[in-house]
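Peer 1: Here the sequence shown stands for residues 2 to 100, numbered as in the working numbering. My questions will all concern the structure given below.
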Amino acid sequence: MTWWKDLLRIFKSEASDVKEGLSHVGRSLDSELAKKEAEMAASPSERVDMILDEIESSDPLGEIEAKIKGTQSDIEAENEIEAERTSSAEIERDPPAER
Numbered sequence: 002m003t004w005w006k007d008l009l010r011i012f013k014s015e016a017s018d019v020k021e022g023l024s025h026v027g028r029s030l031d032s033e034l035a036k037k038e039a040e041m042a043a044s045p046s047e048r049v050d051m052i053l054d055e056i057e058s059s060d061p062l063g064e065i066e067a068k069i070k071g072t073q074s075d076i077e078a079e080n081e082i083e084a085e086r087t088s089s090a091e092i093e094r095d096p097p098a099e100r
């Protein structure tokens, strides 16, 4: 194969990936739009029922737990990186004694 055919193959592959991603985004936007349209067309009592269903389906404690764990893992990663930097700085300052 020539380099031109390789380049075309790569572009076709990337184009199919982009097309797939855009179709996924389009489907999710369509579903969100349909949901919002249903909310706008709902009567006040139906809207209250929708809100109650949304509250029941959500897990606020789970969301808080995920945020805490995410923050904690970020802190642990930062501490680990800082420990590695400190140990490498100490090695550079105190090279092993020559014998």
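Don't be surprised by glycine CBs; every beta carbon is placed ideally from N, CA and C.
Here's a check: name, in chain order, each residue in its chain whose Cβ is nearer than 6 Å to the Cβ of residue 37, leaving out the five neighbours to either side.
Peer 2: Around residue 37: no qualifying Cβ.
Peer 1: State the Cα-Cα distance for the pair residue 88 and residue 75, rounded to the nearest angstrom.
Peer 2: Cα to Cα, the separation comes out at about 20 Å.
Peer 1: Mapping the DSSP letters down to three states, classify residue 60 as helix, strand or coil.
Peer 2: coil
Peer 1: May I ask which residues mark the beginning and end of the alpha helix (DSSP H) holding residue 1?
Peer 2: The question about residue 1 has no answer here: the residues shown for the chain are numbered 2 through 100.
Peer 1: Indicate whether residue 28 and residue 40 have their beta-carbon atoms separated by less than 8 Å.
Peer 2: no
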